Amino acid sequence: MSTNGSVFDRARALFLHYAEPLDLERRYPGLELHKRLTSPDKIIAVRLSLQKDDGTIRVYDAFRVQFNDDLGPYKGGLRFHPQVTLDEVQALAFWMYIKTAVVNIPFGGAKGGITVDYKSLSLAEKERLTKKFAIVLANDIGENTDIPAPDVNTGPREMAWMSHAWRMTRGRYHRGMVTGKPLHLGGSEGRVEATGHGCATTLLEAARDQGVDPHGAKLVVQGFGNAGRYAAVELAKRGAKLIIASDSRAAIHNPDGLDVDALIAFKDRTGSVAGFPGSRPIDPGEVFVAPCDFLVPAALEDCITAEIAPKIQAKIIAEAANGPTTQDAVHILFKRGITVVPDVLANAGGVTVSYFEWVQNRQEYYWTRDEVIDRMNARLANAYRQIADRAKEEKTSLRQAAYQCAIERVVRAALERGAQ
Ligand code: NAD
464 MSTNGSVFDR ARALFLHYAE PLDLERRYPG LELHKRLTSP DKIIAVRLSL
514 QKDDGTIRVY DAFRVQFNDD LGPYKGGLRF HPQVTLDEVQ ALAFWMYIKT
564 AVVNIPFGGA KGGITVDYKS LSLAEKERLT KKFAIVLAND IGENTDIPAP
614 DVNTGPREMA WMSHAWRMTR GRYHRGMVTG KPLHLGGSEG RVEATGHGCA
664 TTLLEAARDQ GVDPHGAKLV VQGFGNAGRY AAVELAKRGA KLIIASDSRA
714 AIHNPDGLDV DALIAFKDRT GSVAGFPGSR PIDPGEVFVA PCDFLVPAAL
764 EDCITAEIAP KIQAKIIAEA ANGPTTQDAV HILFKRGITV VPDVLANAGG
814 VTVSYFEWVQ NRQEYYWTRD EVIDRMNARL ANAYRQIADR AKEEKTSLRQ
864 AAYQCAIERV VRAALERGAQ
């Protein structure tokens, strides 16, 4: 399997690798299923002009890739970042449709972005640019067609702007045309902590399968941001001991356990875990290889490499981040018998609660936080069970089983509706 080429090429190669045992081309000849499943339905590439506060005009490239809607309307985030490329957006849209199929929610996959140094814009410029994007996309997005959500550098504020601009353009209201909105504009309770919480849920299921008692288990979290901290909160509630936490500035250690709530408050106040009372700084290179039971990578992609994988001592890894493990490392960890709950399952709590937000918007009836979290946990635990049973039966990894379950669901829908 190729590890060279663009991000999208690698995503495609990965898909074909995991699809191989399903033998789709032989079982369904003459349908070009591989091509159909690995190329996007529609690519929207536009130029966005923005009038700056000083009256000058700047021009930005923007994209929305609608990859696959066999299982339901397209769904996926919007990324506003200088490094956004069409290639990256295609890869992210591709992974989105796998992820929604893994957790069996009635969505397809999409992604969008603007190639812009968003943080350098004034507030008014940010609002104009976001609303312009919503207006340009107005006929392609909507509650029954394609539902954007936040991603890098976008959040509830941008979703509120999108929703307003879309309503003014289309002349009708539907809160469900975006998710990740502020609570008072139709957002869902539980969305903020959903990804970390879901990661903890799937990790605990894996621990039960492996006979690892979470009580007293040593936990390491790389990337103590949104996903990492809420995974730590839930695992600490089950008795796990957070011994190492890191962020982009520092890594800290306390063999007796870091107080998770106090660490969150400290990081919110100071901007980093560095200098947390009672901890000692360690080399960031030690984070992945420290003796522990549970390891949660929750920062960036490609950080567990073939060099690091042989030294990892954790019993279970749950990938809160997207793509934290390189493909070479995936094989090494599998051979070493280390359980890895893959990103497409471990971080799917976020999109699952986005789905619940959309459901609540359609009925205009809102659930409590406990209702949202309970339903999310049930869905993720159920998805984990199906995937783990399949992995056991076929003596394969959770990742391979997750991809196979997802691909089969999409193929079934595509064939039943007719592949035209
Ligand atoms: P975040 O910005 O809140 O947190 C990321 C954390 O990682 C920050 O604390 C940052 O300092 C730290 N970090 C950055 N570089 C690091 C490094 N080299 N070493 C250690 N720490 C480093 O982001 P987030 O929303 O928690 O997202 C984290 C990951 O989870 C990303 O891969 C994201 O795609 C994935 N994810 C998040 C969600 C969600 O709902 N938040 C959903 C799905 C996937």
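Its first residue numbered 464, the sequence shown is counted upward by one per residue in the working numbering.
Yeah, the Cβ is synthetic: ideal placement off N, Cα and C, and Gly gets one too.
For clarity, every value in this text was computed on a predicted model and none was experimentally measured.
D486: beta carbon under 7 Å from a heavy atom of ligand 1?
-> The residue you call residue 486 lines up with position 23 of the sequence shown. No, Cβ of D486 sits at least 7 Å from all heavy atoms of ligand 1.
Under the three-state DSSP convention, the category P611 falls into | As a position in the sequence shown, residue 611 is number 148, starting the count at 1. Here P611 sits in strand by DSSP.
If you measure from the CB of F687, is any heavy atom of ligand 1 nearer than 7 Å?
-> To locate residue 687, count along the sequence shown from 1; it is residue 224. It does: the Cβ of F687 is within 7 Å (strictly closer) of some heavy atom of ligand 1.
Where does Q776 fall in DSSP's three states?
-> Residue mapping note: residue 776 aligns to position 313 of the sequence shown, counting from 1. Here Q776 sits in coil by DSSP.
Report, in whole angstroms, the separation of the C-beta atoms of D504 and F526, which I expect to be a contact under 8 Å.
-> Position 41 of the sequence shown holds residue 504. Position 63 of the sequence shown holds residue 526. 14 Å between Cβ atoms; not a contact.
Cβ of D650 within 7 Å of any heavy atom in ligand 1?
-> For the purposes of this step, residue 650 is identified with residue 187 of the sequence shown, where counting begins at 1. Residue identity differs from the one stated: residue 650 is Gly in this sequence, not Asp. No, since every heavy atom of ligand 1 falls outside the 7 Å radius drawn around the Cβ of G650.
Can you tell me whether DSSP reads L534 as helix, strand or coil?
-> Taking the first residue of the sequence shown as 1, we reach residue 534 at position 71. Three-state DSSP puts L534 in coil, outside helix and strand.
Using the beta-carbon count (16 or more within 10 Å), is Y828 buried or exposed?
-> On the sequence shown, residue 828 is found 365 positions in, with the first residue counted as 1. Exposed, because fewer than 16 other Cβ atoms sit within 10 Å of the Cβ of Y828.
Contacts around L698, its chain only, beta-carbon distance under 6 Å, and the 5 residues preceding and following it disregarded = Sequence index remark: in the sequence shown, residue 698 carries index 235 (1-based). Here the set comprises A663 and L682.
Output the residue ranges of the alpha helix (DSSP H) runs that lie fully inside the region 795-841 and measure 4 residues or longer, sorted by chain position.
-> 806-809 and 812-826
Beta-carbon proximity list for A573, same chain, < 7 Å, skipping 5 on both sides | As a working mapping, residue 573 is identified with position 110 in the sequence shown. Sequence-distant partners of A573 (beyond 5 residues in either direction) whose C-beta falls short of 7 Å from its own C-beta, in its chain, are R527, V528, Q529, F530, Y537, K538, G539, A556, M559 and D609.
Host alpha helix (DSSP H) of F729 (start-end) = The sequence position of residue 729 within the sequence shown is 266, counting from 1. Element bounds for F729: V723 to T733.
Mind reading off the beta-carbon distance from G571 to L541? Whole number of angstroms is fine, and I expect it under 8 Å.
-> The count along the sequence shown starts at 1 and reaches residue 571 at position 108. The count along the sequence shown starts at 1 and reaches residue 541 at position 78. Going by Cβ atoms, the distance from G571 to L541 rounds to 16 Å, so no, they are not a contact pair.
So the beta strand (DSSP E) T501 belongs to, where does it begin and stop?
-> One-based indexing of the sequence shown puts residue 501 at position 38. No beta strand (DSSP E) holds T501; the alpha helix (DSSP H) holding it covers L496 to T501.
C-alpha gap between P740 and H716, whole angstroms | For the purposes of this step, residue 740 is identified with residue 277 of the sequence shown, where counting begins at 1. For the purposes of this step, residue 716 is identified with residue 253 of the sequence shown, where counting begins at 1. P740 and H716: Cα-Cα distance of roughly 11 Å.
Close beta carbons around Y818, own chain, < 6 Å, minus the five adjacent residues each side | Indexing the sequence shown from 1 puts residue 818 at position 355. Counting only Cβ-Cβ distances below 6 Å, and skipping sequence neighbours, we find I568.
Give every residue of the same chain whose Cβ lies closer than 7 Å to the Cβ of G535, excluding the five residues on either side of it in the sequence, and list them in chain order.
-> Numbered from its first residue, the sequence shown carries residue 535 at position 72. Within the same chain, G535 has close Cβ partners P569, F570 and G571.
Looking at C-beta atoms only, is the number of pairs between the region 685-699 and the region 864-879 that lie closer than 8 Å three or more?
-> no
Stretch pair the region 755-772 + the region 668-684: three plus CB contacts closer than 8 Å = yes
Beta-carbon separation (whole angstroms), E764 vs A714, contact threshold 8 Å | Taking the first residue of the sequence shown as position 1, residue 764 is located at position 301. Taking the first residue of the sequence shown as position 1, residue 714 is located at position 251. Their Cβ separation, rounded to whole angstroms, is 19 Å, which puts E764 and A714 out of contact at 8 Å.
To which residues of the same chain is E820 closer than 7 Å at the C-beta, ignoring the five residues directly before and after it?
-> Indexing the sequence shown from 1 puts residue 820 at position 357. Answer for E820: T642, G650, S651 and R654, listed in chain order.
Between the Cα of V684 and those of R671, L667, K730 and I706, spot the shortest distance and give me the residue it belongs to.
-> To locate residue 684, count along the sequence shown from 1; it is residue 221. Checked all of R671, L667, K730 and I706; the closest Cα to V684 is I706.
Nearest-angstrom Cα distance between L584 and V814?
-> Here residue 584 refers to the residue found at position 121 when the sequence shown is read from its first residue. Here residue 814 refers to the residue found at position 351 when the sequence shown is read from its first residue. Cα to Cα, the separation comes out at about 28 Å.
Residues that L513 bridges to, as DSSP identifies them | Translated into positions along the sequence shown, residue 513 becomes position 50. L513 is bridged to R521.
Going by Cα to Cα distance, which pick from V804, R620, R473 and S626 is closest to D550?
-> As a position in the sequence shown, residue 550 is number 87, starting the count at 1. Comparing Cα positions, the closest option is R473.
Use the C-beta contact count for V552: other C-beta atoms within 10 angstroms, 16 or more gives buried, fewer gives exposed.
-> Taking the sequence shown and counting its residues from 1, the one referred to as residue 552 is at position 89. V552 comes out buried.
Less than 8 Å separating the beta-carbons of L927 and G800?
-> The structure shown does not extend to residue 927, since the chain spans only 464 to 883, so no value can be given for it.
Skipping 5 residues on each side, what residues in its chain have a beta carbon closer than 8 Å to that of A851?
-> As a first step, residue 851 is located in the sequence shown; it is residue number 388 there, counting from the start. Contacts found: E668, A669, D672, L861 and A864.
Decide if the region 583-601 is in contact with the region 624-642; the criterion is three or more beta carbon pairs, one per stretch, under 8 Å apart.
-> yes
Indicate the three-state DSSP secondary structure (helix, strand or coil) for Q685 in the structure shown.
-> Locating residue 685 in the sequence shown gives position 222, where the first residue counts as 1. Annotated three-state conformation of Q685 is strand, per DSSP.
Give the straight-line distance between the Cα atoms of G518 and R630, rounded to the nearest whole angstrom.
-> Position 55 of the sequence shown holds residue 518. Position 167 of the sequence shown holds residue 630. Answer to the nearest angstrom: the Cα atoms are 27 Å apart.
By how many angstroms is the C-alpha of G691 removed from the C-alpha of G734?
-> By one-based count along the sequence shown, residue 734 stands at place 271. By one-based count along the sequence shown, residue 691 stands at place 228. So the two alpha carbons sit approximately 15 Å from each other.
Quick one: what's got a C-beta closer than 8 Å to Q514's C-beta in the same chain, skipping five residues either side?
-> The count along the sequence shown starts at 1 and reaches residue 514 at position 51. Contacts found: I520 and R591.
Skipping 5 residues on each side, what residues in its chain have a beta carbon closer than 6 Å to that of N824?
-> Here residue 824 is taken as the residue at index 361 of the sequence shown, counted from 1. These residues qualify, in order along the chain: R638, G639 and G649.
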